[in-house]
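Participant: In this note's numbering, the protein residues as written are 68 to 475. Backbone N, C-alpha and C fix where the C-beta goes; we use that ideal spot for every residue, glycine too. Mind looking over this structure? Questions follow.
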Amino acid sequence: MLALNFFMADMQAGVGPFLGVFLLAHGWQSGWIGTVMTAGGIAGMLMTTPAGALIDATRSKRLFVIVPGIFTVVASGLVLLSQEFWLVAASQVATAIAAAAIGPAVAGITLGIVRQAGFNRQIGRNQAFNHAGNMAGAGLSGLVGWLYGFNAVFWLAALFGVLSIISVLMIPGDAIDNDAARGLARATNDDKPASGLQVLVASKPLLVLAAALLFFHLGNAAMLPLYGLAVVADKQADPASFVALTIVIAQGTMILTSLVAMRMAEKDGYWPVLLVSFVALPIRGIIAAWLVNRWGVYPVQILDGVGAGLQSVAVPGLVARILDGTGRINAGQGAVMTTQGIGASLSPAIGGWIAQELGYGPMFLLLGGFAAISVALWIVFAPLLKPACAAKSERAHQGMAATVTGVA
């Protein structure tokens with residue numbers, strides 16, 4: 068399981084952050100770079116909710132990791148063959164559609180192996196290895212990009228796609244309890260098709276979480292690639308090595324913060340964990356606007372690591388806790404990821420065009436400002452959220468599934 072998270076992260080880290088500077092080197096402007104990233108983001112967003120429902124229903128959960136690995140290999144080859152707009156856009160759309168299932172699939176596989184009681188600790192370990200994989204993948208990509216050019220980065224991503232497929236096939240199929248993997252209370256034996264949007268709308272805590280994440284990712288998703296573009300466009304750093312550095316710093320921080328999030332959640336619940344993650348982004352936007360140079364990457368990306376590292380543990384853990392007993396956990400994971408995807412898919416286009424028209428400084432301030440809405444939502448709805456975010460699950464005598472009406 069840990070090896071899967073490591074190689075899967077390598078696979079995902081290999082191409083995405085480098086795509087912007089790769090296209091910039093081939094004459095693309097920031098607005099069109101943001102647009103093609105948004106096209107992939109929208110495709111992934113549209114598929115995440117139905118993918119989560121499919122993962123709840125299927126007993127072949129490993130397949131939803133294998134397919135994205137295959138698509139990563141194919142997409143890497145397409146981008147290398149041609150940098151024509153429609154071909155690049157098609158490769159990003161295809162990759163995003165396949166990858167939409169990865170988050171719910173890994174969460175479901177993990178839950179099916181360790182059950183609800185062990186999920187918080189295991190998701191913390193998973194994310195630590197995931198971030199370590201991102202860091203290793205970025206470091207290797209930066210090294211091979213510096214030594215052999217950008218083409219080598221895409222070949223490396225394809226290699227990690229193959230290793231991800233091998234890793235998931237090493238997990239025995241019978242080690243996954245498919246009822247536990249979807250959070251199904253055995254007494255209900257509910258095999259009805261799961262609707263992710265129904266799950267989301269029916270649970271008020273889940274709905275507030277999704278809204279807060281939407282605004283956070285509206286500001287966060289474009290911050291890393293556009294910060295790299297800002298510094299590279301000013302000719303202050305080598306493109307491949309600088310982008311690799313931004314990822315290594317953030318992912319190194321995420322390794323620590325994912326483990327901290329696991330401990331904080333056990334002691335104080337998920338509410339303060341997510342509050343800290345939301346607060347980190349406005350501060351990051353201010354620093355990014357003030358320090359658009361090779362030295363600014365350190366505070367900017369450390370704050371990225373704080374926000375994303377805390378959320379990588381808290382979000383799937385909280386969704387699993389809220390929906391425990393409903394049999395709809397992966398549909399809920401997919402629905403929440405869809406709302407994140409709405410923000411993340413719009414962010415590159417919004418950020419790219421703002422940067423092109425107003426400059427990078429104002430763009431970073433505006434992106435950081437979106438997370439202030441997340442902070443406000445989290446504080447205003449604290450009385451509703453804190454019981455759902457409590458440190459200990461109350462399902463045994465209270466029934467966390469009671470927070471969801473008409474779902475189970």
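Could you work out which residue in A124, T102, A110, A92 is closest to G394 when comparing CA atoms only?
Facilitator: Position 327 of the sequence shown, counted from the start, is the residue given in the question as residue 394. Checking every option, the nearest Cα to that of G394 belongs to A124.
Participant: Between A416 and the rest of its own chain, which residues show a CB-CB distance below 6 Å, the 5 nearest in sequence each way excluded?
Facilitator: By one-based count along the sequence shown, residue 416 stands at place 349. These residues qualify, in order along the chain: G101, T102, T105.
Participant: Counting only runs of 4+ residues fully inside the region 425 to 456, write out the alpha helix (DSSP H) ranges in chain order.
Facilitator: If we require 4 residues or more, the alpha helix (DSSP H) runs fully inside the region 425 to 456 come out as 427 to 447, 449 to 455.
Participant: Could you say which of P272, L291, V447 lies nearest to A387 if we only look at CA atoms?
Facilitator: Numbered from its first residue, the sequence shown carries residue 387 at position 320. With distances taken between Cα atoms, A387 lies closest to P272.
Participant: Check for me: the alpha helix (DSSP H) holding G384 runs from which residue to which?
Facilitator: For the purposes of this step, residue 384 is identified with residue 317 of the sequence shown, where counting begins at 1. G384 -> alpha helix (DSSP H) spans 364 to 389.
Participant: Starting from the Cα of F448, find the closest Cα among L434, L341, L90 and give me that residue.
Facilitator: The sequence position of residue 448 within the sequence shown is 381, counting from 1. The residue with the shortest Cα to Cα distance from F448 is L341.
Participant: Of all the options V364, L251, L444, which has the alpha carbon lying nearest to the alpha carbon of G490?
Facilitator: Beyond the ends of the chain as shown, which are 68 and 475, falls residue 490; an answer cannot be given.
Participant: When you compare the region 193 to 202 with the region 319 to 331, are there three or more beta-carbon pairs, one atom per stretch, that lie closer than 8 Å?
Facilitator: Touching, yes, given that three or more Cβ pairs across the two stretches are closer than 8 Å.
Participant: Inspect the CB distances between the region 399 to 408 and the region 104 to 118 and report whether three or more fall short of 8 Å.
Facilitator: Yes, the region 399 to 408 touches the region 104 to 118.
Participant: Helix, strand or coil for T393, going by three-state DSSP, please let me know.
Facilitator: As a working mapping, residue 393 is identified with position 326 in the sequence shown. The answer is strand: DSSP assigns T393 an E or B state.
Participant: When you compare the region 415 to 432 with the region 147 to 155, are there three or more beta-carbon pairs, one atom per stretch, that lie closer than 8 Å?
Facilitator: Taking 8 Å as the limit for Cβ pairs, the verdict is that the region 147 to 155 does not touch the region 415 to 432.
Participant: Considering only the beta carbon of each residue, do A347 and L370 sit closer than 8 Å?
Facilitator: Walking along the sequence shown from the start, residue 347 turns up at place 280. Walking along the sequence shown from the start, residue 370 turns up at place 303. In contact: A347 and L370 (Cβ atoms closer than 8 Å).
Participant: What residues match up with L251 in a beta bridge as DSSP calls it?
Facilitator: Indexing the sequence shown from 1 puts residue 251 at position 184. Answer by DSSP bridge pairing, in chain order: G392, T393.
Participant: Under the three-state reduction of DSSP, which class applies to A60: helix, strand or coil?
Facilitator: There is no way to answer for residue 60, as the model of the chain reaches only from 68 to 475.
Participant: For M237, is the classification buried or exposed, using 16 other Cβ atoms within 10 angstroms of its Cβ as the cut-off for buried?
Facilitator: Position 170 of the sequence shown, counted from the start, is the residue given in the question as residue 237. Under this definition M237 is an exposed residue.
Participant: For the alpha helix (DSSP H) containing I133, list its first residue and its last residue.
Facilitator: Here residue 133 is taken as the residue at index 66 of the sequence shown, counted from 1. Here the alpha helix (DSSP H) through I133 covers 130 to 148.
Participant: Between G352 and G108, how many whole angstroms is the CB-CB distance? I'm expecting something under 8 Å.
Facilitator: What you label residue 352 is simply residue 285 of the sequence shown in a count that begins at 1. What you label residue 108 is simply residue 41 of the sequence shown in a count that begins at 1. Going by Cβ atoms, the distance from G352 to G108 rounds to 20 Å, so no, they are not a contact pair.
Participant: Can you list the alpha helix (DSSP H) stretches of 4 or more residues lying completely in the region 191 to 247, in chain order?
Facilitator: Runs of the alpha helix (DSSP H) inside the region 191 to 247: 217 to 236.
Participant: In angstroms with no decimal places, state the Cα-to-Cα distance between Y427 and L312.
Facilitator: Here residue 427 refers to the residue found at position 360 of the sequence shown. Here residue 312 refers to the residue found at position 245 of the sequence shown. Roughly 20 Å separates the two Cα atoms.
Participant: Measuring straight from C-alpha to C-alpha, what distance separates D335 and W99?
Facilitator: As a working note, residue 335 is residue 268 in the sequence shown. As a working note, residue 99 is residue 32 in the sequence shown. Distance between the alpha carbons of D335 and W99: 44 Å.
Participant: Suppose you measure from the CA of A551 to the CA of E424; what does that come to, to the nearest Å?
Facilitator: In the structure displayed, the chain extends from 68 to 475; residue 551 sits before or after that span and is not available.
Participant: If you count every other CB in all the chains shown that lies within 10 Å of the CB of R129, and 16 or more means buried, which is it?
Facilitator: Reading the sequence shown from its first residue, position 62 is the one you call residue 129. So R129 ends up on the buried side.
Participant: Might you give, ordered along the chain, the residues of its own chain that have their beta carbon closer than 7 Å to the beta carbon of A413, omitting 5 neighbours on each side?
Facilitator: As a working note, residue 413 is residue 346 in the sequence shown. The identity of residue 413 in the sequence shown is Leu, whereas the question assumes Ala. Only T105, L285 meet the Cβ criterion.
Participant: Are three or more beta carbon pairs between the region 176 to 188 and the region 281 to 295 nearer than 8 Å?
Facilitator: No, the region 176 to 188 does not touch the region 281 to 295.
Participant: So, helix, strand or coil for N360, using DSSP?
Facilitator: Residue 360 sits at position 293 when you count from the first residue of the sequence shown. In this structure, N360 counts as coil in the three-state DSSP scheme.
Participant: Measuring straight from C-alpha to C-alpha, what distance separates A289 and A411?
Facilitator: One-based indexing of the sequence shown puts residue 289 at position 222. One-based indexing of the sequence shown puts residue 411 at position 344. Those two C-alpha atoms are separated by around 7 Å.
Participant: How about L452 and V327: do their beta carbons lie closer than 8 Å?
Facilitator: Your numbering for residue 452 matches position 385 in the sequence shown. Your numbering for residue 327 matches position 260 in the sequence shown. No, the pair does not count as a contact, with Cβ atoms beyond the cut-off.
Participant: Alpha carbon to alpha carbon, what distance is there between L390 and V359?
Facilitator: By one-based count along the sequence shown, residue 359 stands at place 292. By one-based count along the sequence shown, residue 390 stands at place 323. Whole-angstrom Cα-Cα distance: 42 Å.
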